[in-house]
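A.B. asks: Below you will find the structure I want to go over with you.
Protein chains: 2
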Amino acid sequence: MTQTNDSAVRLISLGGIGDIGMNMTVFEQNGEIMIVDVGIMFPDEEHPGVDLILPDMTYIYENAERVKGVVLTHGHEDHIGGLPFLLERMALPVWGTPLTLGLVEAKLEEFDIQPGCKFIEMKTHETFEVGSFGIEPMRVNHSIPDSVGLAIYTNQGLIVHSGDFKFDQTPTDGPPADFHAFARCGAQDPLVLMIDTTNCNEEGYSGSERVVERALHEIIEDAPGRVIMTTFASNIGRLQQAIDASAEHGRKVAIIGRSMERNVRVASRLARLDLPNRLRVEVERIDDIPYDKLTLLVTGSQGEPLSALSRIARGSHRDVSIHEDDTVIMSASSIPGNEALIWKTINGLCRQGAHVLYGEGYVHVSGHAKAEEIKLMVNLVRPRYAVPFHGEYRHLLAFKDLAQDLGMAAEDVFILGPGRVLEFKDGRAREVAPVPGGSVNVDGLGVGDVGDVVLQDRKALANEGIVLPIVAVEKDTCRPVAPPDIYSRGFVYIQESEDLLEQIKHEVGRTTEDVHTQGTDDPQVLYDQLRSRIGGYIERLTGRRPLILPVIVPVELERR
Amino acid sequence: MTQTNDSAVRLISLGGIGDIGMNMTVFEQNGEIMIVDVGIMFPDEEHPGVDLILPDMTYIYENAERVKGVVLTHGHEDHIGGLPFLLERMALPVWGTPLTLGLVEAKLEEFDIQPGCKFIEMKTHETFEVGSFGIEPMRVNHSIPDSVGLAIYTNQGLIVHSGDFKFDQTPTDGPPADFHAFARCGAQDPLVLMIDTTNCNEEGYSGSERVVERALHEIIEDAPGRVIMTTFASNIGRLQQAIDASAEHGRKVAIIGRSMERNVRVASRLARLDLPNRLRVEVERIDDIPYDKLTLLVTGSQGEPLSALSRIARGSHRDVSIHEDDTVIMSASSIPGNEALIWKTINGLCRQGAHVLYGEGYVHVSGHAKAEEIKLMVNLVRPRYAVPFHGEYRHLLAFKDLAQDLGMAAEDVFILGPGRVLEFKDGRAREVAPVPGGSVNVDGLGVGDVGDVVLQDRKALANEGIVLPIVAVEKDTCRPVAPPDIYSRGFVYIQESEDLLEQIKHEVGRTTEDVHTQGTDDPQVLYDQLRSRIGGYIERLTGRRPLILPVIVPVELERR
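Sequence order for the protein chains is A and B.
When we follow this note's numbering, the leftmost residue of the first sequence carries the number 11, and every step to the right adds one.
When we follow this note's numbering, the leftmost residue of the second sequence carries the number 11, and every step to the right adds one.
Below, the structure written as structure tokens:
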């Protein structure tokens, strides 16, 4: 560290793809690094075949000796999902609330983390230290219990991190958010507020979980047959409501889907969920229970093709098929990009006769603050600067407008893309040179080996398929020594396109002969000629442009 | 035709994929066939690389001599897009209103249709005959001018087809829908109503186009810089409103994007659009116009990656880049499945500083009737039976509930999937044996040669790529005669994975040697062994399952 930076504090937003930021923030002072959250993103259609997307942690790995620990705000995948990949490379202490740490530990079973990692429970109203940073967790409401925001005490003053939050005046999983803690922050002239702006474009207040509770009670009371409810597997509070309403109306409950089973197990052990054994029924036994005495809690709120609800909707689930009197409750909102899959699920359920209920403000309320709650948070905390996070660019931008309505200057709101660095010094904030930031793809066991080139190829393969002209040539002369052949995949239906393939095969033969006749013995020339001539030939014949991948097999002819 | 069917009338819904129906209906009586609309669908993520999707017209081709003509309700692609493919195979008379026929003719330029096709203008209040069917077009409101519903007179009574419709009491492109014509139908004890149920799940009334007109006037008056508006290229009424508001506030207008240019040309020629030359500016000259005197009407309302607005949002459009004071109006709703692309466009525009306006009921109103309008249509027409069309399964199903509120019996509402046939006889309706129905993919120049097998391969290629073990063997002995090789695409980044590929190559060599050592001379055995062993080996090494396509080149060794 150079002298001039000694007292400075830096805030770095590390991960993200284009418009969409990821939840991993780095704080620096006195040469020390503290990390808040290590989230992942799930791949969209731009990332075919990718399992998940990590923040680019190059900066962390290059400064490993300076990292003092990780603090987690809550247990959602987009805040904890990347942690195992970090802990595989570095032994670090990790602070979190009980449910958050419970969900982390359940994930770690599949990973080989460094010895020496420590998991430390943190409590609201108790300040602890990560290096020279002082941290106080503050209760917030969100769609998973044990969520907190953070008061972060630094050399340059107080930094407030809202966590993913809403203000629910009548929550069902405990007390409301800790208004007083945030107000106390506001009394200390805080430097900056990092604030969740996911729903910044939505007017008014997010609905209370109490609204959903009432709707679920009515629906479960009146349902003529089984109730099948889906929500995010981590939405423990919502699951509890469905369990309580089912118990009250004499229904037993089955949990279906791997992630939901795991979360129910963890939350039950930590007393964050109460599902008594007498209520519970295993999925293999559900046919023993009368339909009007049964509730199924299933995965698949986003229409994920392999989830329980999608299989049920397709009629391909091993244990559950739809009956005429079934009531299905879609107790979740759609993440942008998932709409088509969700509607497909709903259509499939309707077609089989289920009565499907959905709708924000009815069987679901968002876990993120809307505009009025965001304003309240800003007015409670009264920061000098603000950094909106979470949501797409248009949401971050909407916060800039909203902050101005609250009397902040537009230039005091910083929208930080991946790798961008905000430095606080002498009470002033300014952007300084960025660090490496962005994203890394995880596909199978590989981290980072599927980059843009591979994704481009996958998209090309998906769009037009691949055609392989195959020629065997004598090693030193490039003289063809076997009849040409053609393989293809994803191009045309081979059984019904024999003529077309025969024509292409002939063109491969002609091209190979031509190249040989020209006296060339360089396989690269043959390769290039095949690629361009066969590509052009196929485009003229079919209007398509599959990937052309010539296979040239050099054969050393023996003399026996 | 057999005697028993002589007086029967049949209604056949021909095209569709799973839940989603396509707009092509076949009517039959006296051995004659009349077709209403020949729509297409645009491919979703289940159809990678497919250009467009046609109805399966097998039934039409097999009964070609009985087809008397095609009647078109309006000029949207999902109602006319498949017509050129039909007219390439059969010479038919086609009836439509002027704008509809104009748009059809503009499309036909790229096709080689049969000589003898005739295009006949139809007018509201004038009944014409298609074979033994009597047809009267009836004006409806929709998001394109010249839209009609149809009164179809048959042996068995009157069939009413709503077309795509809404009831706009204060439209901006002409008079309201012809309430009186539909009421006259209702006075004739009609047999069946085919009704557009796209927005059946939406309560109340669709907004009037007048609402949008007012919003556009205010926005265009107040905009500090350029106004850039996108809408469906066929939404001529919306374009006219933007042109009128621009003219009133002293702005010139540029049209950007191929489909919008084409539709503006056709609609102007037919006097359905008024864009005076003095208002118009070519895209190459827009920089000569002060920003606050310019409106751009651009394609890209669905976030289509190659559209003008997407390019502008990515900063890659040749003629247009975003300035700080630009106002962008998204004057369209999102078709399910397009949301992610649309938000991406909006985020890109925001990032460059544009002020982006969107929202149903503000800068857009739907062209489809909502629940109250659907009820009004049913109550005007008072049919014995109803066939909902247009929309997903959940919308068709919602109509069943709604019809019961209006006093219809649930069993008198028929939801007809692809190929299903409703027969009317002696005043009663019943479903009879289906005919071939469904969909056909168009990819490049090929119609129907990209089916499920090819699409499955494309999806597999997209997800994990392809790996090709390559071995050359002596023709009759399967003895390897060249070192094994490996090609791959979309699997790993080859430059950085040499070790991995080297390992796989060795395993290919080992497998080939093993098969040969076992004394096998059958290439199929070698192929199967390579596929399973290399597939398993790669999965153990990488956790991935690419397509494995062994290439076995049989070489005839010569003795020289």
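Glycine included, every Cβ here is placed at the ideal spot set by N, Cα and C.
Among H259(A), S311(A) and I30(A), whose alpha-carbon lies nearest the alpha-carbon of D302(A)?
C.D. replies: Comparing Cα-Cα distances from D302(A) to each of H259(A), S311(A) and I30(A), the minimum goes to H259(A).
A.B. asks: Which same chain residues end up closer than 6 Å to V48(A) when comparing Cβ atoms and leaving out the 5 residues on each side of it in sequence?
C.D. replies: Hits under 6 Å: M34, G92, L93 and L96.
A.B. asks: Mind checking if R468(B) is an interface residue toward chain A, Cβ cutoff 8 Å exclusive?
C.D. replies: Closer than 8 Å: yes.
A.B. asks: With C-beta atoms as the reference, is G363(A) less than 8 Å away from R324(A)?
C.D. replies: Not closer than 8 Å, so no.
A.B. asks: Classify Q528(B) as buried or exposed, calling it buried when 16 or more other Cβ atoms lie within 10 Å of its own Cβ.
C.D. replies: Exposed is the call here.
A.B. asks: If you drop the 5 nearest sequence neighbours on each side, which residues of the same chain put their C-beta closer than 7 Å to that of Y395(A)?
C.D. replies: Hits under 7 Å: L201, V202, D422, F424 and A439.
A.B. asks: Closest by CA to G41(B), which one among F143(B), G313(B) and A318(B)?
C.D. replies: With distances taken between Cα atoms, G41(B) lies closest to F143(B).
A.B. asks: Do you know how far the Cα of Q534(B) is from the Cα of V483(A)?
C.D. replies: Straight-line Cα distance between these residues: approximately 22 Å.
A.B. asks: In terms of residue numbering, what span does the beta strand (DSSP E) encompassing L432(A) cover?
C.D. replies: Taken as a continuous stretch (DSSP letters only), the beta strand (DSSP E) holding L432(A) covers R430 to K435.
A.B. asks: Is the CB of L407(A) under 8 Å away from at least one CB in chain B?
C.D. replies: So yes, L407(A) belongs to the interface.
A.B. asks: Which one of R288(A), H400(A), R290(A) and E228(A) has the shortest CA to CA distance from I339(A)?
C.D. replies: Answer by Cα proximity: E228(A).
A.B. asks: Using a Cβ-Cβ distance cut-off of 8 Å, determine whether Y69(A) contacts chain B.
C.D. replies: It does not; no Cβ of chain B falls within 8 Å.
A.B. asks: Is T14(A) close to chain B, meaning its C-beta is less than 8 Å from at least one C-beta of that chain?
C.D. replies: Note that T14(A) scores a pLDDT of 46, beneath 50, so its modelled location is shaky and nothing firm can be said.
A.B. asks: Can you tell me whether E115(A) is helix, strand or coil according to DSSP?
C.D. replies: In this structure, E115(A) counts as helix in the three-state DSSP scheme.
A.B. asks: Drop a sphere of 10 angstroms on the beta-carbon of I130(B), count the other beta-carbons inside from all chains shown, and report buried for 16 or more, exposed for fewer.
C.D. replies: Looking at its Cβ environment, which holds fewer than 16 other Cβ atoms inside 10 Å, I130(B) is exposed.
A.B. asks: May I ask you to verify whether the segment 171-180 of chain A touches the segment 148-156 of chain A, counting CB pairs closer than 8 Å and requiring at least 3?
C.D. replies: Output reads yes: the segment 148-156 of chain A touches the segment 171-180 of chain A.
A.B. asks: Kindly indicate which three-state DSSP category L478(A) falls into: helix, strand or coil?
C.D. replies: Strand.
A.B. asks: Whose C-alpha, out of K262(A), W353(A) and R268(A), is nearest the C-alpha of I296(A)?
C.D. replies: That would be K262(A), whose Cα lies nearest to the Cα of I296(A).
A.B. asks: Relative to chain A, which residues along the segment 161-177 of chain B have a C-beta separation below 7 Å, given in chain order?
C.D. replies: So the list is empty, because no residue satisfies the distance condition.
A.B. asks: Against chain B, does T552(A) count as a neighbour if the rule is that its beta carbon must be under 8 Å from one of theirs?
C.D. replies: It does; some Cβ of chain B falls within 8 Å.
A.B. asks: Per DSSP, what are the beta-bridge partners of L62(B) in this structure?
C.D. replies: The partner list for L62(B) (beta bridge, DSSP) reads V452(B).
A.B. asks: Between I322(B) and chain A, is there a C-beta pair that is closer than 8 Å?
C.D. replies: For I322(B), the answer is no, since every Cβ of chain A falls outside 8 Å of its Cβ.
A.B. asks: If the cut is a Cβ gap below 8 Å, which residues of chain A does G456(B) touch?
C.D. replies: What G456(B) touches in chain A: V502, T552, G553 and R554.
A.B. asks: On the DSSP bridge assignment, give the partners of Y163(A) in chain order.
C.D. replies: Y163(A) is bridged to G144(A) and L168(A).
A.B. asks: Less than 7 Å between C-beta atoms, sequence neighbours within five positions excluded: which residues of the same chain meet that for Y163(A)?
C.D. replies: Closer than 7 Å at Cβ, skipping near neighbours: F143 and G144.
A.B. asks: Between which residues of its own chain and I265(B) is the CB-CB distance below 6 Å, once the five residues before and five after are set aside?
C.D. replies: So the list reads E271, V274 and L307, once near-sequence residues are dropped.
A.B. asks: Around the Cβ of R499(B), are there at least 16 other Cβ atoms within 10 angstroms (buried) or fewer (exposed)?
C.D. replies: Its Cβ being crowded by 16 or more others within 10 Å, R499(B) is buried.
A.B. asks: Please work out which residues of its chain come closer than 7 Å, Cβ to Cβ, to L111(B), disregarding the five sequence neighbours upstream and downstream, and give them in chain order.
C.D. replies: For L111(B), where only same-chain residues beyond five positions count, the Cβ hits under 7 Å are F129 and E131.
A.B. asks: Which residues bound the beta strand (DSSP E) around S498(A)?
C.D. replies: Element bounds for S498(A): D495 to R499.
A.B. asks: Please decide whether C360(B) counts as near chain A, where near means a Cβ-Cβ distance under 8 Å.
C.D. replies: So, interface residue.
A.B. asks: Between L386(B), K380(B) and I238(B), which has its C-alpha nearest Y368(B)'s C-alpha?
C.D. replies: Closest option to Y368(B), Cα to Cα, is I238(B).
A.B. asks: Could you give the distance in angstroms between the alpha-carbon of T83(B) and the alpha-carbon of T107(B)?
C.D. replies: Spanning the two alpha carbons is a distance of roughly 8 Å.
A.B. asks: What residue range does the beta strand (DSSP E) around I365(A) cover?
C.D. replies: The question names Ile, but residue 365(A) in the sequence shown is His. That run of the beta strand (DSSP E) goes H365 to Y368.
A.B. asks: Give me the Cα-Cα distance between Y497(B) and V561(B), rounded to the nearest whole angstrom.
C.D. replies: Each residue's Cα considered, the two are about 10 Å apart.
A.B. asks: Taking the beta strand (DSSP E) that I266(B) belongs to, which residues open and close that run?
C.D. replies: Where I266(B) is concerned, the enclosing beta strand (DSSP E) stretches over K262 to I266.
A.B. asks: How about P185(B): is its C-beta nearer than 8 Å to some C-beta of chain A?
C.D. replies: Chain A contact via Cβ: absent.
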